[in-house]
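Residues 422 to 1077 in the working numbering are what the sequence shown lists, from first letter to last.
For reference, the structure is listed below as structure tokens.
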Amino acid sequence: MRKLVLTFFAFAAITAQGYAQTLFEFGNTPVSKEEFLRVYQKNSLNKKPEMTEKALREYLDLYSLFRMKVKEAELQHIDTIPSIQNELDNYRKQLAKNYLTDDQVTEQLVKEAYERMKQEVHVQHILISSSIYVPSADTVAPYKKIDSIYNEIVKGKADFSKMAMQYSEDPGSKAQGGDIGYMTALQTVYPFENAAYNTAVGKVSKPFRTQFGYHIVKVLDKRPASGQVTVQQIMVASPKSKGEEGLVAARKRMDSIQADLKKGIPFDSLVHRYSDDKYSMPENGVLKPFGIGDVAPEFEKAAFALKKPGDISAPIQTEYGLHIIKLIAKTETKPFDSVRTALKRKVENDSRAQVAKEAFYAKIKQQNGFKDYPANMAELEAKVMKIPDTGKAANSFRATDFANMNKPVFTFAGKDYMQNDFMKYAETMTRGRLMGARNAVLRDLMTYYQKEVLTDFEEQKLVDENPDFKSLMKEYKDGIMLFELMDRNVWSKASKDTVGLKEFYETRKNKYMWEPGFIGSIYVFKNEEALKEGQKMLAKKGTKDEDVMKKLNSKTTPDAVVVQHGHYEFSKMKDMQPANVIKGKVTEPKKNDNGSYTVIKVDDVFTTPTPKTLEEAKGYIVAEYQDYLEKSWNDAIRKKYPMHVDEKVFGSMVQQ
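Okay, structure coming up:
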């Protein structure tokens, strides 16, 4: 419900600046023709808006009521409610992400990615693992190790492949001498991609770091991009858990597939007869287009080796099983303009997006006189390092412990941010516990703190200075205020106003009726044995539903009997013969298709329609009461804010 309201009313717009023709007034508030048309056209959802008098009148009625309700929400100060303020803050932060980046740097990254996509690089690498969260001292040993390996290789004293098999900590490529095959842009973390593309063929990169640790890369080959292929496959699964026996069985099935292909049986038919790939089965075995580095190397090699559409590969083996591949199509790299939008989206979700964000933060710092104070930060670090790491209060702190530390850690936009300000932030972020390498954690917290300060500053500037951002924020604010007002006056009120709901029910209770039927319990016994036991119990007077369930159901047979009590209508029970339903009796058992048996214990029978109680009809009554409340509220709002339309201005919009 909330989503519908926010979606519908998210098209409100801020009043046009400067001279504008007033289309209508409500109370003392004017609304311009320009504003109305802007919202009306935007609400047409990319279709050409209908400019007939009827269509415009209908929308004018809706939009004027919306503006009146927003005005009412403002008068009631709905926007000061903490939950509304929190929701607005969250929306502002989410919306601002699209604005808080360096557009020029992003565009450069998009073009760089496109140019790199034209080329594929065959690389080997060696990884020495090192977490970014360990103390600085603990990164020395991994770096020395990778640097030693690098020097041995570049001096010709060691072979890259052998060193990878001996020392690399990448389990996926270690056994292959560090060989990860061909790769292209946007397939690895950005620093790794940079090393691959910036290193010449036959050369080894200098050691570099990613979040995984320290690497060196050797470039074996560079070639023009192979583009993408679309293929159709039949996969016969052979899990590793089944070992050689499973592989033998898979090969037998694959022999049958090849024999059927030779007989001319269509590939599509064989997909449905044999393939174990449930994900591609609905598409007749057709996979989404893929490029180099997107699938298992063996599969990739076989797919790209096919020359013409319709060519079929010999069986190939991957870790998933055996495959036969049929080529559907090959496509080359598309022109930049046709992929720019999709590529930009990928870049913004890729690790390289951080480059654009960092460039943006650097620009904001430069424009607003940012200055940090390393000595004051070091003083703070020294005190943090004295926090006990044993005992009940191990690694714990409170911001008040640093209350007397009031030197600036950085200055931004003319404001000093003090040591104790930072520790208040640190306590909030860590809940007062510093786990791991404290100097590294503190540096990360400072980075986050600075970015939060810069982001808040820029978000406020967006609200004040960016018309698009300001408009979107107002749209969302109006929407959530209106939702809150609707909830108070209609939705929640309809369910909470028990007196009003009961009075409303009394005026129309004959509208909600039970058709002829009965009140009773429907028993479904799992088998004949349970049926017989249940019938014995039901033959005794005073037997309750729970007595039967307690007696028959156990841990071993928890579903020996299922019981449902309620009011039932004959018209909705197709197999029910009303003549067999007698008050105070138990019906004869009916055997069901699954071997279970159904009997009914009848408490009462109704041969004519009977009114539903408020509780029985509550869902319908609440919905109707909501409609009634909304209509009454709408009438009251319109009465409170009398509306006047300038018919001459309205007529100027109409196009027959």
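Where is the CB? At the ideal position from N, CA and C, for every residue including glycine.
Buried versus exposed call for residue i [16 or more other C-beta atoms within 10 Å across all chains shown]
{"i": "Q840", "result": "buried"}
{"i": "Q757", "result": "First, the residue type needs correcting, since residue 757 is Phe and not Gln in the sequence shown. Counting Cβ neighbours within 10 Å, F757 comes out exposed, since fewer than 16 surround it."}
{"i": "R537", "result": "buried"}
{"i": "G812", "result": "exposed"}
{"i": "H1127", "result": "This structure cannot settle anything about residue 1127, because the visible part of the chain is limited to 422 through 1077."}
{"i": "I574", "result": "buried"}
{"i": "F429", "result": "Reliability fails at F429, whose pLDDT of 41 lies under 50, so the model's placement of it is uncertain and the value that follows must be treated cautiously. With fewer than 16 Cβ atoms within 10 Å of its Cβ, F429 is classed as exposed."}
{"i": "S551", "result": "buried"}
{"i": "H546", "result": "buried"}
{"i": "P703", "result": "exposed"}
{"i": "R852", "result": "exposed"}
{"i": "A558", "result": "In this prediction, A558 scores a pLDDT of 48, lower than 50, which makes its location untrustworthy; the coordinate-derived value is nonetheless stated afterwards. Under this definition A558 is an exposed residue."}
{"i": "V830", "result": "buried"}
{"i": "P1078", "result": "With the chain covering only 422 through 1077, there is no way to say anything about residue 1078."}
{"i": "P563", "result": "buried"}
{"i": "L496", "result": "exposed"}
{"i": "E927", "result": "exposed"}
{"i": "N910", "result": "buried"}
{"i": "M584", "result": "buried"}
{"i": "M844", "result": "buried"}
{"i": "S690", "result": "exposed"}
{"i": "G439", "result": "Confidence at G439 is low in this model, with a pLDDT of 42, below 50, so its placement is unreliable and no value can be given for it."}
Beta strand (DSSP E) segment containing residue i, residue limits
{"i": "D1024", "result": "Y1018 to F1027"}
{"i": "P451", "result": "T450 to S453"}
{"i": "H988", "result": "V982 to E990"}
{"i": "D600", "result": "D600 to M604"}
For residue i, the residue or residues it bridges with in DSSP
{"i": "R854", "result": "S817"}
{"i": "P645", "result": "Q540"}
{"i": "E446", "result": "P451 and H1065"}
{"i": "D793", "result": "F831"}
{"i": "T631", "result": "G634"}
{"i": "Y838", "result": "F831"}
{"i": "I570", "result": "DSSP output for I570 lists no bridge partner at all."}
{"i": "V657", "result": "L743"}
{"i": "I549", "result": "Y635"}
{"i": "S942", "result": "H986 and K1022"}
{"i": "P1032", "result": "M934"}
{"i": "V650", "result": "F711 and K751"}
{"i": "Q738", "result": "L743"}
{"i": "K468", "result": "None; K468 has no bridge partner."}
{"i": "I733", "result": "K747"}
{"i": "V1007", "result": "K1022"}
Under 8 angstroms between C-beta atoms of residue i and residue j
{"i": "M489", "j": "Y870", "result": "no"}
{"i": "Y989", "j": "G938", "result": "yes"}
{"i": "V982", "j": "M994", "result": "no"}
{"i": "A726", "j": "E740", "result": "no"}
{"i": "Q649", "j": "T752", "result": "yes"}
{"i": "L764", "j": "A617", "result": "no"}
{"i": "L959", "j": "K1022", "result": "yes"}
{"i": "V1043", "j": "A915", "result": "yes"}
{"i": "G577", "j": "A671", "result": "no"}
{"i": "I785", "j": "L875", "result": "yes"}
{"i": "I733", "j": "F720", "result": "no"}
Terminal residues of the alpha helix (DSSP H) in which residue i lies
{"i": "F581", "result": "F581 to Y588"}
{"i": "G963", "result": "Looking at the DSSP string, G963 is not in any alpha helix (DSSP H), and its letter there is neither H nor E."}
{"i": "V622", "result": "Note, V622: premise wrong, no alpha helix (DSSP H); not H, not E."}
{"i": "D676", "result": "G664 to K683"}
{"i": "V920", "result": "T919 to E927"}
{"i": "M907", "result": "P888 to M907"}
{"i": "I785", "result": "A774 to Q788"}
{"i": "Y484", "result": "E474 to L496"}
{"i": "D768", "result": "Checking the sequence, you will find Val at residue 768 rather than Asp. Counting along the chain, the alpha helix (DSSP H) containing V768 begins and ends at F757 to E769."}
{"i": "I502", "result": "Neither: I502 is in no alpha helix (DSSP H) and is coded neither H nor E."}
{"i": "V692", "result": "F688 to Y695"}
{"i": "A726", "result": "P718 to A726"}
Exercise. May I ask you to verify whether the region 887-895 touches the region 516-531, counting CB pairs closer than 8 angstroms and requiring at least 3?
Key: As far as the Cβ criterion goes, the region 887-895 touches the region 516-531, which means the pair count is three or higher.
Quiz item: Any chance the region 595-608 sits against the region 527-543, with 3 or more Cβ pairs inside 8 angstroms?
Solution: Short answer: they touch.
Quiz item: Is the region 619-632 close to the region 660-671, with three or more CB pairs under 8 angstroms?
Solution: In short, these stretches do not touch, since the Cβ pair count stays below three.
Quiz item: Within the chosen definition, does the region 851-863 reach the region 876-891 through at least 3 CB pairs nearer than 8 angstroms?
Solution: Below 8 angstroms, too few C-beta pairs join the region 851-863 and the region 876-891 to call them touching: fewer than three.
Quiz item: Counting pairs of beta carbons, one from the region 691-702 and one from the region 643-658, are three or more of them closer than 8 angstroms?
Solution: The answer is yes - the region 643-658 touches the region 691-702, with three or more Cβ pairs under 8 angstroms.
Quiz item: Using 8 angstroms as the threshold, is the region 460-479 in touch with the region 1069-1076, meaning 3 or more CB pairs across them?
Solution: Yes, the region 460-479 is in contact with the region 1069-1076.
Quiz item: Between the region 995-1005 and the region 947-967, do at least 3 Cβ pairs fall closer than 8 angstroms?
Solution: In short, these stretches do not touch, since the Cβ pair count stays below three.
Quiz item: Touching or not, the region 792-807 and the region 815-833, by the rule of three or more beta carbon pairs under 8 angstroms?
Solution: Contact holds between the region 792-807 and the region 815-833, because three or more Cβ pairs, one in each stretch, are under 8 angstroms apart.
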